[in-house]
Amino acid sequence: MTQPRVEIGSQPEVRVRAPGKVNLGLRVGAREPDGYHPLVTVFQAVSVYEDVVATPGDGLTLSVSGPQAHLVPTDETNLALRAARALAEFAGIDDGVHLHIEKSVPVAGGMAGGSADAAAALLACDAFWGAGLSRDQLHELAAGLGSDVPFGLVGHTAIGSGRGDVLTPALSRGEYHWVFAVRDVGLSTARVYAEFDALAGAGSGAFGPDSDLELLQALRAGDATALGRALRNDLQPAALELAPELAETLAAADDVGALGVLVSGSGPTVAALARSRAHAQVIGAALTAAGVADTVLTAVGPVPGARVIASPSP
Ligand code: C5P
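Its first residue numbered 0, the sequence shown is counted upward by one per residue in numbering that gives the first Met the number 0.
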């Protein structure tokens, strides 16, 4: 498990890359006494990445770069710093580390960018300090940091249950092409779940482990058209209630022939499934022209979870 540090000049550096995600299916049950909602979700990791670079430092410090870097807290509430602290405490490590996050996943966008940072930070600190934690130990620390952090570690395609942190790998064939319509103003996950509660009964009727059979069959067959039809997000009505303008984004993607379109996780990012890479470009251009997104990203999925990489992205 222990990864060698890469020597860059005279400084040791560990760079870890972790993916964002889209929930292909997200079924949400009624809030439980612990304040969380039970859910069944099918995650797909997509090629929009966060890089976390660990270098020597005094104490635990953080810097962030990328188009939305100014939106990311760099104090002790930051999930990557919390991940570093959790791992240091667990492994009894007193050394410091500086973490630098190169952000590409939208902030508060429903694509688990903060969770990807935490997953990447766990792996980076484990390698940087030579802590040698097992996969199970990393998973346990990840689940303690947030519901989506364990998926950031494993990536690919997985069914999440519990709070989304209990993962089972799912079979998936082929490559899927996505367009993400990103908004500058994010949505708080906690607020979206509260709105879900307010919209009494929304989505809870079909909650159950067998409810995504069609979706899982489409993935096994590599059938993008069937997958497009099966996409479903129980949080979408709540996200639309809080950000009604998303209806236009959904409609605009539908108008240019997206195989399926839905709000990603708790939103406000809208994910449109395209027929091909070229079709993704067409959808992206149409969304930009219609003025229904602040930024448009194209990506493919599924991709691996957090991994140590030797060199920066080209
Ligand atoms: O686990 P995480 O910190 O990502 O969750 C953020 C918030 O989203 C929680 O505090 C909770 O209000 C809500 N949530 C929920 N049910 C889930 C996951 C998250 O109600 N399964």
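Every residue, glycine too, gets a C-beta built ideally from N, C-alpha and C.
Hey, is Thr268 close to the ligand PLP, as in C-beta under 8 Å from one of its heavy atoms?
The model depicted lacks the ligand PLP and carries the ligand C5P instead.
Let's see if you can read the secondary structure: which residues bound the alpha helix (DSSP H) around Tyr35?
Position 36 of the sequence shown, counted from the start, is the residue given in the question as residue 35. Note, Tyr35: premise wrong, no alpha helix (DSSP H); not H, not E.
Let me check one thing: in DSSP terms, what residues is Ile100 bridge-paired to?
The residue given as residue 100 occupies position 101 in the sequence shown. Answer is Val51 and Val63, bridged to Ile100.
Select from Trp177, Val181 and Ala238 the residue whose C-alpha is nearest the C-alpha of Val281.
Here residue 281 refers to the residue found at position 282 when the sequence shown is read from its first residue. Comparing Cα-Cα distances from Val281 to each of Trp177, Val181 and Ala238, the minimum goes to Trp177.
At what residue ranges does the segment 98-169 contain a whole run of the alpha helix (DSSP H), taking only runs of 4 or more?
112-128, 134-144 and 148-153
State the start and end residues of the unbroken alpha helix (DSSP H) segment that holds Gly259.
Numbered from its first residue, the sequence shown carries residue 259 at position 260. Where Gly259 is concerned, there is no enclosing alpha helix (DSSP H), although the beta strand (DSSP E) it sits in stretches over Gly259 to Val262.
Out of Gln67, Leu80 and Gly65, which has the shortest C-alpha to C-alpha gap to Ala53?
Counting from 1 along the sequence shown, the entry for residue 53 is found at position 54. For Ala53, the nearest C-alpha among the options comes from Leu80.
Contact under 9 Å by Cβ, Leu38 with Arg190:
For the purposes of this step, residue 38 is taken as residue 39 along the sequence shown, with counting starting at 1. For the purposes of this step, residue 190 is taken as residue 191 along the sequence shown, with counting starting at 1. No.
Along the chain, where does the beta strand (DSSP E) that runs through Leu272 open and close?
Sequence index remark: in the sequence shown, residue 272 carries index 273 (1-based). Looking at the DSSP string, the run of the beta strand (DSSP E) that includes Leu272 is Val269 to Ala273.
Please state whether DSSP places Gly304 in a helix, a strand or coil.
Within the sequence shown, the letter at position 305 stands for residue 304. In this structure, Gly304 counts as coil in the three-state DSSP scheme.
Inter-residue Cα distance where the pair is Arg182 and Gly129:
Here residue 182 refers to the residue found at position 183 of the sequence shown. Here residue 129 refers to the residue found at position 130 of the sequence shown. Cα-Cα distance, rounded: 39 Å.
Reduced DSSP category for Val191 - H, G, I as helix; E, B as strand; rest coil
Taking the sequence shown and counting its residues from 1, one reaches residue 191 at position 192. Three-state result, Val191: helix.
Roughly how many whole angstroms lie between the Cα atoms of Ser160 and Leu166?
Counting from one through the sequence shown, the residue named residue 160 turns up at place 161. Counting from one through the sequence shown, the residue named residue 166 turns up at place 167. Each residue's Cα considered, the two are about 7 Å apart.
Mapping DSSP to helix, strand and coil, what is Met0?
Taking the first residue of the sequence shown as 1, we reach residue 0 at position 1. Low per-residue confidence applies at Met0: pLDDT is 47, beneath 50, and the placement is therefore not dependable, though the value from the model is reported in the following sentence. The answer is coil: DSSP assigns Met0 none of H, G, I, E or B.
Consult DSSP for Ala288 and reduce its assignment to one of helix, strand or coil.
On the sequence shown, residue 288 is found 289 positions in, with the first residue counted as 1. Correct three-state label for Ala288: helix.
Please state if the CB of Asp94 and the CB of Ala87 are separated by a distance shorter than 9 Å.
Indexing the sequence shown from 1 puts residue 87 at position 88. Indexing the sequence shown from 1 puts residue 94 at position 95. For Ala87 and Asp94, yes; Cβs fall inside 9 Å.
Does the distance between the C-beta of Thr217 and the nearest non-hydrogen atom of the ligand C5P fall short of 8 Å?
If you number the sequence shown from 1, residue 217 lands on position 218. One detail in the question is off: residue 217 reads as Ala in this sequence, not Thr. No, the beta carbon of Ala217 sits no closer than 8 Å to any heavy atom of the ligand C5P.
What does the alpha-carbon distance come out to for the pair Ala169 and Gly221?
In the sequence shown, the residue the question calls residue 169 occupies position 170. In the sequence shown, the residue the question calls residue 221 occupies position 222. If I take the Cα positions, the gap works out to 12 Å.
Is Leu286 near the ligand C5P, judged by its Cβ being under 8 Å from some heavy atom?
By one-based count along the sequence shown, residue 286 stands at place 287. Leu286: no, Cβ never under 8 Å from the ligand C5P.
Sort Pro303, Gly256, Tyr175 and Leu198 by Cα distance to Leu23 and report the nearest one.
Numbered from 1 along the sequence shown, position 24 holds the residue referred to as residue 23. Per the Cα distances, Tyr175.
What does the Cβ neighbour count give for Arg134, buried or exposed, with the cut at 16 atoms within 10 Å?
Within the sequence shown, residue 134 is the residue found at index 135, counting from 1. It is exposed - the Cβ of Arg134 has fewer than 16 other Cβ atoms within 10 Å.
Counted within 10 angstroms of its Cβ, other Cβ atoms place Thr248 as buried (16 or more) or exposed
Counting from 1 along the sequence shown, the entry for residue 248 is found at position 249. That one is buried.
CB contact check: Thr268 to chain D, cutoff 9 Å:
In the structure shown, chain D cannot be found, because there is only a single protein chain.
If we count the other Cβ atoms within 10 Å of its Cβ and call it buried at 16 or more, is Glu244 buried or exposed?
What you label residue 244 is simply residue 245 of the sequence shown in a count that begins at 1. Per the 10 Å Cβ criterion, exposed.
What residue range is occupied by the uninterrupted beta strand (DSSP E) comprising Ala220?
The residue labelled residue 220 in the question sits at position 221 within the sequence shown. No beta strand (DSSP E) holds Ala220; the alpha helix (DSSP H) holding it covers Leu212 to Ala220.
Own chain, CB closer than 8 Å to Gly304, minus 5 neighbours either side, in chain order:
In the sequence shown, residue 304 corresponds to position 305, counting from 1. Once the five neighbours on either side are set aside, the close Cβ partners of Gly304 are Ala17, Pro18, Ala44, Ala118, Phe150, Gly151, Leu152, Val153, Gly154 and His155.
Is Arg26 closer than 9 Å to Asp233 when the C-beta atoms are compared?
Position 234 of the sequence shown, counted from the start, is the residue given in the question as residue 233. Position 27 of the sequence shown, counted from the start, is the residue given in the question as residue 26. Yes, Cβ-Cβ distance for Asp233 and Arg26 is below 9 Å.
Return the first residue and the last residue of the beta strand (DSSP E) that Ala180 is part of.
The residue given as residue 180 occupies position 181 in the sequence shown. Residues Tyr175 to Val181.
Arg14 bridges to which residues according to DSSP?
Taking the first residue of the sequence shown as 1, we reach residue 14 at position 15. Partner(s): Val52 and Ile308.
How far does the alpha helix (DSSP H) with Pro236 in it extend, from its first residue to its last?
Translated into positions along the sequence shown, residue 236 becomes position 237. Looking at the DSSP string, the run of the alpha helix (DSSP H) that includes Pro236 is Gln235 to Leu241.
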